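Step one of this worksheet: look at the structure below.
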Ligand SMILES: [Fe+2]
Ligand SMILES: [Fe+2]
């Protein structure tokens, strides 16, 4: 108790305050999203939007010139990058770059935690895209689940960045208990990363489908659950067995409704796991580039 307030009340006040102080999603992201969501996005308009932000433009160029894309010769203009990558890829890049720099990270010694956070997020995004392909979903859903996968645990990043010591204690307790990190988030923060993430996504005015993924990805599900949320849930379950904030804490835990919908057998899961882990390996260079200032 401090001045008649319980620790939980103080933490919840601090969470509200930190949410209020969170920078709004930069206007450039909103404009990129608006353009790429059109049925025929214009490469010229995208080029103009991206070129107006020096930091984002240079990240896009750094990434397109990285070994990951294997482009012959040097790409020196954003216009060329948009043509090479395609509008949807550019949208993913810009959103990822913005998400990574929008949450201020404090505390020394967090870089490992952050690295494994983004590895888990990217693994989820890659697995989600593979599931979308296996289930023959339209390409618009495939892009949504990729970004959704990347951002699904944004609430965890928020808690981890703003309350590193408290979050460490939650991890420790869950580790001692052999799992149940979400439950310990509730104990220490009076909320969990899905609720906090939904607040962050709302603050950024992300499209409703993305907000739903962030809010509902942990399940449980009823039969009428939305497909992109189910995809990200399954991808997350798989990614937890690959890499993660802490492998032992995040066990493979797939919701029965989601598993039914997915209809994967053991061999399908094994293949998916292998492909997703390959993609993560290939992309780790890109992520280094994106998270650099
Ligand atoms: Fe999660
Ligand atoms: Fe996750």
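Numbering (this note's numbering), first residue to last: 168 to 460. Heads up, the beta-carbon is just placed ideally off N, CA and C, and yes, glycines get one too. Keep in mind it's a predicted model, so treat the numbers as computed, not measured.
Item to check | residue 337: first and last residue of the uninterrupted alpha helix (DSSP H) it sits in | outcome: Taken as a continuous stretch (DSSP letters only), the alpha helix (DSSP H) holding residue 337 covers 331 to 344.
Checklist entry - In three-state terms, what does DSSP make of residue 411? => result The predicted position of residue 411 is uncertain, since its pLDDT is 46 and thus under 50; a value taken from the coordinates is nonetheless stated next. DSSP places residue 411 in the coil class of the three-state scheme, outside both helix and strand.
Item to check | Contact under 8 Å by Cβ, residue 230 with residue 245 | outcome: No, the pair does not count as a contact, with Cβ atoms beyond the cut-off.
Next on the checklist: Am I right that residue 405 and residue 443 are in contact with their C-beta atoms under 8 Å? What's the rounded C-beta distance?
Outcome noted: About 7 Å; that satisfies the 8 Å criterion.
Next on the checklist: Here's a check: name, in chain order, each residue in its chain whose Cβ is nearer than 7 Å to the Cβ of residue 425, leaving out the five neighbours to either side.
Outcome noted: Excluding residues within five positions, the ones whose Cβ falls inside 7 Å are 386, 388, 397, 400, 401.
Checklist entry - Taking the alpha helix (DSSP H) that residue 371 falls in, what are its first and last residues? => result Here residue 371 belongs to no alpha helix (DSSP H), and DSSP marks it neither H nor E.
Next on the checklist: Quick check on DSSP: helix, strand or coil for residue 316?
Outcome noted: In the structure shown, residue 316 sits in a helix (DSSP, three-state: H, G or I).
Next on the checklist: I need the boundaries of the alpha helix (DSSP H) containing residue 200, first residue and last residue.
Outcome noted: Annotation for residue 200: the continuous alpha helix (DSSP H) segment containing it runs 194 to 203.
Checklist entry - Going by the C-beta, is residue 422 closer than 7 Å to any heavy atom of ligand 1? => result Relative to ligand 1, even the nearest heavy atom lies 7 Å or more away from the CB of residue 422.
Checklist entry - Using the rule of at least 16 other Cβ atoms within 10 Å of the residue's Cβ for burial, across every protein chain shown, is residue 325 buried or exposed? => result Buried.
Checklist entry - What are the boundary residues of the alpha helix (DSSP H) that includes residue 356? => result Start and end: 348 to 356.
Checklist entry - Can you pull every residue whose C-beta falls closer than 7 Å to some heavy atom of ligand 1, listed in chain order? => result Screening all residues for a C-beta within a distance smaller than 7 Å of any heavy atom in ligand 1 leaves 319, 320, 323, 360, 361, 384, 385, 403, in chain order.
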